[in-house]
Each structure stands twice: as structure tokens, then as C-alpha cells.
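Below is one structure, written out as C-alpha cells, with a few remarks after it.
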Amino acid sequence: MRLRAYAAYIKITLKLTLRDRVVLFFNYLMPLLFFIAFGEGLGAGTSSGAMSQTVSMVLMFGVLGTGFFGGGIRATMDREAGILRRFKVAPISPAPLLVASLVTGWAVFLPSVFLFLSLARWRYGWDQPLNLASLLIVTSVGVLAFRSMGLIIASVVNSMQESQIIAQLLYMPMLLLSGAAVPLHIFPEWLQKLAQFLPATHLYLGTQGILVRGETAWDNRAAVGSMLLAMAAGLVISIKLFRWEKDEKVKPAAKLWLAGIMLPFVLIGAWEMHHRGNERKMRMLERQTRRSQSWLIRDARIFEGSGEWIERGGVLIRNGKIERVYRGTVPDPKEARAEGIEAGGRTLLPALVDSGVILAKPGEKEPPQGLEGVLSGYVYWGVGAIQVLPDPLGLAEKYRKKVDEGEVIGPEILPGAWVPPFSLAAAEAEGGDLSILKQDLARQFFSAGYLQGLAAQGAQRPKLPQAYGAAAARLREMWGRGELPAPAGAAAGWLGLQGPALLRELELWQKEGVPAQEILRAATSLAAARAGAGGRLGRVREGFDATLLLVEGDPLEDVRALGRIHTVIVRGERVARGELANQNKSSGK
Amino acid sequence: MATPAAIHASGLRKLYGDFEAVRGIDFEVAEGEIFGLLGPNGAGKTTTVEILEGLRQRSAGEVSVLGCDPEKETDAVKDRIGVALQSTNLPDKIKVYEAAELFAAFYTRSVDADALLRRLQLWEKRHAFYSTLSGGQKQRLALALALVNDPELVFLDEPTTGLDPQVRLEIHTLISRLREQRKTVLLTTHYIEEAERLCDRVAIIDEGRIVAMGAPRELQDRVLGHARVEVKTAAPMPEELPEAWREGVATVFSDGRKMLCASAEKPARIVVELVKWLEAAGIEIEDLHIRRPTLEDVFLELTGKSLRE
């Protein structure tokens, strides 16, 4: 008998819901309009990350709308209209009515997941691998949790108006602070912290994690668990507070029950405060979105990396990889569903590889401060990958993961410590020539105070005037044998300059008679191959990582052209160079 | 005791804060009886009925419905009774047959929904949305839903309020059929004719108390005991009254002796004498009728106020 009541009530609620145009509007039409607006107008079509974000966003609209408006306001309306009163005389508890509301909300929502996924895939060519089961689990749990929150609203409000107000009061802030509608980092810190206590934030991060980072429901178990708890608490509380008639009033003490549903989120929020997992995850998601932007570089002179040149061509980048290399005519960016970068005849080449980087000076026991700034410095100067010299503190391992996952922006940290035979730039500095500190290249990224500090330090160091001559002789000898090493600028050692050291190294090589083309090859394809990444890095080739450098002038004539950087792209992300320089300068370096 | 009472209430009280809506009510409804609670709005009828239905808790008194305490064995009572509430609604977009099927699923027993809809003349409307039904159709549906579990006891709270007279008659016919099915019915109304026409017994309620109880005819007789003859003539009636009227007949003239209201135990005899008397005086009769005392009169007599505001 009981089960029959549940089944009958669920069946009729579903039917009634499907007959209700308002429900269809809020569940499908409104999210669809947003979806199309973002897909067509705001460029989500040129970036699979932005597309994922759009999918997440419209799903959030659906979940929150179904929960607060579908669940909360509907139930209040039925009570006001005297409909619930009719059910009160039947021998049933409120449970079938509430369960039916949950099930209906879920059943009506679910098709929208498929609708938006298919639209993204077929209309906008969204091609991220998808863990559908996990996505369904997380969004389903989300709908049920928010729906039960809606039911509690219905239980405690005394009028339709009140329920509208409360639903709006919860809907807007939750949507805004979840990160779904606008990025969370634009808000003041205290609001970002508050967001960690809101269920919508966890749902959004879970959805995004699955869509963008290939996470599973299990990876998001804290969020799933807290939403399940919220659903259970919501159901129990709304049964407890259920009112069949509008003239039954809520006892003020009963409103305390509301605290129950917030408890899981207070707990998860407190844990997040401590653990800061979400903060990291948000940075990763943002980076992932940037990496997945599609780019079409047009009208470029391309140095392929191994010595081959394309006089005029282009490159299509999708999801962090080089999808196509064009010779001659390049299609229109719109056709290629990508954002265009007009190279205007500039030179495109693989980003440089620095084969000898010191992250911590010998003898240091603690990791140095500001390593993240150091890493961001490399990509600022177009260094797309580095190899770390012996590293007793294990920093390479630690930061490789952070860079790969996108928590930190930096060059790819290639495995294996390879000690390069020499560095002209380092030898020059040991000899007391610190002209490198006065270069524009250094001044663009470092603060004047920091550079002056280095100069003062250098003045006090013992000078080794013979060092440069010995290193140069070694280079000439190797070049004579046709065995160029991979260049290692940052072995400039104590100076710790990143890009400028490598660029100075290349410049000195040219000065010592190595042809520019050989130098470019050594700093790209050769260095990548030596580090075991020759199959995906160091060349402008289809299927290779989109880690590229676009420079003014002709580096084939003068390698100093490598310092006149127009654009750096690392794993598909167009590096915001100005932003990185500002961050570094304001940190005092 | 032949059959146990379907409803038994004694000393029933209900307080809402300081306001006492029901102030000690005692009555019994026998099985198979149609019992009416008659009283103006706010007399405490609906509160009484809702306590019996298990929807409200009483403040004091003893109540038994079908042998159960509706406050303690609420679901057991609800499962065996049928209720048509005053001012309820169904969702706009529910179809008639869907409502019947839905409610049938809530009960242990249920009747064949198709037969029920036919019986209540809703068969043609079975695919119509609730919002498209007329007032009478909605009320018939309410009645159908009250009968969907083949209840032993049916509560009808103001079943015809707000309906036009024609539709009211239809509903009365349907309720009369419940008598044929030997169902016990508790009906509340503030329509006198309804109580007179349908009920075996009536309790008149005012301000939370029962002021009179009995069969409608019995109540009428007890209160007034007399029928009235009213006559209207074209010219003023003679000063001299008929011989036979000297005793046992009360007369009131009005409208310049062109209206006469006479009351007596045997109205038929008065009429004969009246007609002879007027004929002898050569006065033309414009209108003449006999009126039995109504529950309205009973109510007026007992409470000093009118049922209809």
C-alpha cells in the first residue's frame, strides 16, 4: 500500500510537471538561451575549456533553478491553493509527496545534461573526454540536494511571497559565488572564503573537475558526500516541518532544524579553509580552461625546430596540442573554430628549452622562497621546458606536478638531471661581467631594486677572469667536432636569472661562431630530444605540444631577436606576460 | 445496543489560544444514518468535523470514529472514511480519471474508478483537466474522491456551498443514493433545505454548542408545533372572525387587513373555514398557502438570530 502511494504520487507529479510550461522554461529554455549566447557570442566555441565551463554553468542554472524554484516555490503554491489540504485527509504521510518532488526534479533535470552535452559536442565540436557516469552522479546528487533545500524553504515560509524572496536570496549569491557565472577570484577574499561554505561551489567545482580535468565522482567524494548528507537532512527536516495547510504556522523553534542542512557544508567549508584544496583546484581549472583555448596563428615564418623553415604558414592549436601546420594559405579563424593570432610575418618557433636550471643552491636545506615566481619567469621569456640540475630537495618532482596540473604556471620540468658541460653565460658572470643585469630583458621582469642587489652581491664575489675563455674554447672545440651540447643558461648560477641567462648564452654562442640556425636547433629540438621528450616537444609539428614562441625580427640572422618576444604559448595557454611581470615586480624581485 | 455508533463524541472541546471554538459537544451518529450539523459560519461545525477526521487534535472530550480514536489511530481512521472538504483544490492540470486513480492508490481498499466516475456522471469528463470543470463538476469529483476507498463513513463539509440551485439538487440526489448504499454520512451545512431534505437527524450548532438535536420534523414540532396559513386578499378582510377560530387559532393581520397569518395544529381545517369565510364576505383571494415551520424558524427561535446573514 505504501509503495503504491509513492509510485502513484511520483507518476502524477511527473505528469503534472511535464504539463507545466514554467517548469520547461526554467529547466530547458532559459539554460538553452544562455548556452547559445555563450556558445555563439562569447567565444566558448573556440575553446573546449570555455565550452566545458559553459556546460557547467547551464547545468548549475538548472540545478539551482530546479531546487529553489521548482522544489520550493511549487510546494508553497500547492499549499496556498489548498491542494495539499486535500491530501491531508488521505492516510498518507508527507513522505510520498516530498520524495516525489525529489524524483521529479531529478527526472526533469537529467535530460538537460544530455541535451547540453550533445549540443556542445555536435554544434560546437567540444571534444573533451567525458566521464559520463561520474558527471551524472555528481549532478544528480546536486539536484537532489538542492531540491531538498527547496522543500525546506517551502516548509518554513508562510506565504508565496516569502518563498520567492528566500529562493532569490539563496539562488543569486550561490550562483555568483559558485564560480559558475563569473570567476571567483574577482571577489574580495572574504567572499571567496564564504563561497567555500556554499553547496553550489562544491557542485560547480565537482562538475568542472569532471568535465575539464577528467576527475571521477570518487575524486569529488567530499562534495558528493556533503550533498548526499544535505539531501538526507533536507528530506528528514522537511518531513518534520511539513505543513498541509497555510494556516498551520511554523513553530519558531522548528526553524532551528534548518541549521541541520547547512551542517555538512559548514564542515566541508571548515575543512577547505584548513586544507585550501578548492583554492588550488580553482587555479587548476582556470589554467585548464586557458590551455584548452583553440588558437590559429596566421601569416608566420616558421622555424620547425630541426632546421627546416616554412616561409609563410600557420599553426592551429587545439587542447594544448598542435593540430595542424599550414604551409602557405591559412584558413579563417572562424572556419577553424579558433581565436586568431595574426603573426604579420614574425617568426614562430618552438619555445626554448633550458637544459641546466638550479632551483636550490647547493647546501640549502629549505626550498628557497618565491620558486613560483622563478618558474613563471621562464615562461615569460619563452622558455617552455627546463631540466633541473642535481636537486637534493626534490623540488623538480614537487613542482613538476604543480605545473602539469596547472596550479602553478611555469615551464615543463623535464625528468632526468643532465649536467651540461659548461655555460658561457655563467662563466661570464664569474669573470665579473654583469652587463646582463642592465639588459632590457632583465628589467622587464625584475624590479630595479632586485637587480641592484644582485649587482652589489656580484661586486663582492671573487672574480675568475679565465672562466669564460676556457668555456668558450670548449664550445668551439665541440662545435668543431659537430657535437653541440644542449644550451644551459641558468647555470649562470648564483645570479639566478632565468630567461636572460639562456638568451645571453645563445647570444654568446653566436659570438663564438656557431651559426644561428644551429643554435636555434640546439635550444629546441636537440635539447628536447636529449631530455627524452623529442617525440612531443621542441618542434612545430602536428601532434606536438603547443609550446611555442613568436618573436619579432629574424633570429636566423641574430639570435638576440629571441628576446623581442611577441607571444609565448605554453601547452596551449597564451602566457599573460605583462601580468606575470607585474606579479614578480610587486613581490619585490 | 443494536449497532455500535459510527461516531461518538462526548464533552468535545477545542481551544484556539484563548478562543473556544467548540465548547462541549455530545452526539452520536448511528451506522447507516445521515446526520447533519447545521449552523451558521463560525459555529464550530468544521472544527468538530476535522477533529473527527483526525486532522485536528481536540482539547478535551472523548471521541470515537468507527471504534477508533482518530487522534491516536489516525491512519486507520483515515483509511476507512471518505472526506469531501470545504474549499480544497486539485492541481489545475490533473485529469479527472488521474485524480481518481491517484487517490485510490492511497487506500487499502478501493472501488473501480470507472464505475465510480460513471456513477457520479463524470465519465464524459474523465479526460478533462480539473481547471476546466464547472463548480458542480468539481464538487462531484470531490464526492467521487471521497468515495474512492468505499468508505464506511463519509464526511461532507458544506457539499453545496456556492453552487447554484440546479447543481445543488444534483448533489442532493447523489447524497441520497448514499443512503441506499447504507453508508453513514455526516454532513455539515448552513442550508436549511439541505438538512431538511437529506438528514435523518440534525444537530443545530451555535457558538460551539449544540442547541437542539433530533429528526428535522421532530425539531420543527418541538419548537413551534404549529403550521401557518398565509392568505392575501384583494380587499380588506371582515372584522368578524369565523366561529370555529375562537379557540386554538392565532391570527395576525397586516397590510390593512389584506394579509392574514393564522397558525394552528390542523392547518387543513383552517383553510376550509377560511375560504368559506372569505367567500361569504365576497372577498377575492389573491394568494394562499400553508407553511410548515422550518429549521430556520427553529434556529431563530432557539438562538434569536438568523442562519443567513
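Keeping their order, the protein sequence lines are chains A and B.
Add 35 to a position in the first sequence, counting from 1, and you land on the number used in my numbering.
Add 158 to a position in the second sequence, counting from 1, and you land on the number used in my numbering.
In this text, a Cβ means the ideal position worked out from N, Cα and C, and glycines have one as well.
Tell me residue i's beta-bridge partners as DSSP assigns them.
i, result
"B:C357", "B:C357 is not bridged to any residue."
"A:F457", "For A:F457, which the question treats as bridged, DSSP gives no partner whatsoever."
"B:H218", "At residue 218 of chain B the sequence reads Ala, which differs from the His that was named. Answer is B:R171, bridged to B:A218."
"A:E125", "It is worth fixing the name first, because residue 125 of chain A is Ala in this sequence and not Glu. None; A:A125 has no bridge partner."
"A:S82", "A:Q328"
"A:V143", "Its beta-bridge partners do not exist; DSSP assigns none."
"A:K12", "No answer is possible for residue 12 of chain A: the residues shown for chain A start at 36 and end at 624."
"A:E374", "A:W330"
"B:L345", "B:G194 and B:L314"
"B:E178", "B:L173"
"B:R386", "B:S421 and B:R449"
"A:W344", "A:F338"
What does residue i touch in chain A if you count any residue whose Cβ is under 9 Å from its own?
i, result
"B:L243", "G117, R120, R121, K123 and V124"
"B:I165", "The premise fails here: B:I165 is roughly 16 Å from chain A at the closest Cβ pair, so nothing lies under 9 Å."
"B:K251", "K50, L51, R54 and D55"
Tell me the residue span of the beta strand (DSSP E) that contains residue i.
i, result
"A:S560", "Unbroken run through A:S560: none, as it is neither H nor E."
"B:L418", "M417 to A422"
"B:M371", "R367 to G372"
"A:Y44", "Note, A:Y44: premise wrong, no beta strand (DSSP E); alpha helix (DSSP H) at R37 to L53."
"B:R298", "No beta strand (DSSP E) contains B:R298, which is instead part of the alpha helix (DSSP H) from G293 to L305."
"A:Q546", "A quick correction: the sequence has Lys, not Gln, at residue 546 of chain A. First-last for A:K546: G534 to K546, but that is the alpha helix (DSSP H), not the beta strand (DSSP E)."
"A:I393", "No beta strand (DSSP E) contains A:I393, which DSSP labels as neither H nor E."
Using a Cβ-Cβ cutoff of less than 7 Å, which residues in the same chain neighbour residue i once the five nearest sequence positions on both sides are dropped?
i, result
"A:K275", "W292"
"B:M159", "Low local confidence applies: a pLDDT of 42 at B:M159 is under 50, so the model's placement there is unreliable, with the coordinate-based value given in what follows. Around B:M159: no qualifying Cβ."
"A:G466", "K498, L499, P500, A502 and Y503"
"A:D162", "S83"
"A:Q479", "A616"
"A:P402", "A395, L428 and L430"
"A:I296", "M184, I187, A265, A268, G269 and I272"
"A:V414", "I444, G445, P446, V603, V605 and V610"
"B:D250", "F287, Y288 and S289"
"A:L469", "A490 and G493"
Going along chain A, which residues have a C-beta under 7 Å from residue i?
i, result
"B:I363", "Ordered by position in chain A, no residue passes the 7 Å Cβ test against B:I363, which lies about 21 Å from the chain."
"B:L213", "K123 and V124"
"B:K236", "V124, A125 and P126"
"B:D233", "P126"
Leaving out the 5 sequence neighbours to the left and right, which residues in its chain are closer than 6 Å to residue i when beta-carbon positions are compared?
i, result
"A:L238", "G177"
"A:G107", "G185, I188, A189, S198 and A202"
"B:E467", "Note that B:E467 has pLDDT 47, beneath the 50 cutoff, so the model's placement of it is unreliable and the number below is only indicative. Within the same chain, B:E467 has no close Cβ partners at all."
"B:A373", "R359"
"A:L510", "E547"
"B:P425", "A385, V387 and I448"
Note down, in chain order, every chain B residue with its Cβ under 9 Å from the Cβ of residue i.
i, result
"A:A43", "E259, L260, F261, A262, A263 and F264"
"A:R359", "The premise fails here: A:R359 is roughly 54 Å from chain B at the closest Cβ pair, so nothing lies under 9 Å."
Going along chain A, which residues have a C-beta under 8 Å from residue i?
i, result
"B:L248", "I118 and R121"
"B:K283", "Result: empty, since nearest Cβ-Cβ is about 17 Å, beyond 8 Å."
"B:I192", "Under the 8 Å cutoff, chain A gives no residues; its nearest Cβ is about 20 Å from B:I192."
"B:E256", "I47 and K50"
How would you write the range of the alpha helix (DSSP H) that residue i sits in, first residue to last?
i, result
"A:R182", "L167 to V191"
"A:G588", "Counting along the chain, A:G588 falls outside any alpha helix (DSSP H), and DSSP gives it neither H nor E."
"A:I71", "M65 to I71"
"A:Y206", "M195 to L212"
"B:F261", "V254 to A262"
At a CB-CB cut-off below 8 Å, which residues of chain B make contact with residue i?
i, result
"A:I296", "Within chain B, no residue comes near A:I296; the closest Cβ sits about 27 Å away, beyond 8 Å."
For residue i, collect the residues of the same chain with a Cβ closer than 8 Å to its Cβ; drop the 5 residues on either side in sequence, then sort them by chain order.
i, result
"B:A234", "C226"
"B:E186", "A163, I165, H166 and A167"
"B:I428", "V387, W403, V407, A420 and A422"
For residue i, which residues in chain B fall below 7 Å Cβ to Cβ?
i, result
"A:A135", "Per Cβ cutoff of 7 Å: no residues; A:A135 is ~11 Å from chain B at best."
Q) Would you call the stretch 563-583 of chain A and the stretch 404-422 of chain A touching, i.e. three or more CB-CB distances under 8 Å? A) Verdict: yes, contact present.
Q. For the stretch 112-128 of chain A against the stretch 221-230 of chain B, are there 3 or more C-beta pairs whose distance is under 8 Å?
A. Contact fails: fewer than three Cβ-Cβ distances are below 8 Å.
Q) So does the stretch 394-406 of chain A actually touch the stretch 421-436 of chain A, counting three or more Cβ pairs closer than 8 Å? A) By the C-beta criterion, the stretch 394-406 of chain A is judged to be in contact with the stretch 421-436 of chain A, since at least 3 inter-stretch pairs fall below 8 Å.
Q) Is the stretch 362-374 of chain B touching the stretch 195-214 of chain B in the sense that three or more CB pairs, one from each, lie closer than 8 Å? A) yes
(Q) With three or more C-beta pairs closer than 8 Å as the rule, is the stretch 227-235 of chain A touching the stretch 160-175 of chain A? (A) Contact between the stretch 160-175 of chain A and the stretch 227-235 of chain A is absent: fewer than 3 CB-CB pairs across the two stretches fall below 8 Å.
(Q) With a threshold of 8 Å, are at least 3 pairs of Cβ atoms found where one atom belongs to the stretch 141-152 of chain A and the other to the stretch 49-67 of chain A? (A) By the C-beta criterion, the stretch 141-152 of chain A is judged to be in contact with the stretch 49-67 of chain A, since at least 3 inter-stretch pairs fall below 8 Å.
Q) Does the stretch 265-278 of chain B come close enough to the stretch 56-73 of chain A that 3 or more CB-CB pairs lie under 8 Å? A) The answer is no - the stretch 265-278 of chain B does not touch the stretch 56-73 of chain A, with fewer than three Cβ pairs under 8 Å.
Q: Please confirm if the stretch 378-392 of chain A is in contact with the stretch 327-340 of chain A, defined as three or more CB-CB distances below 8 Å between the two stretches.
A: yes
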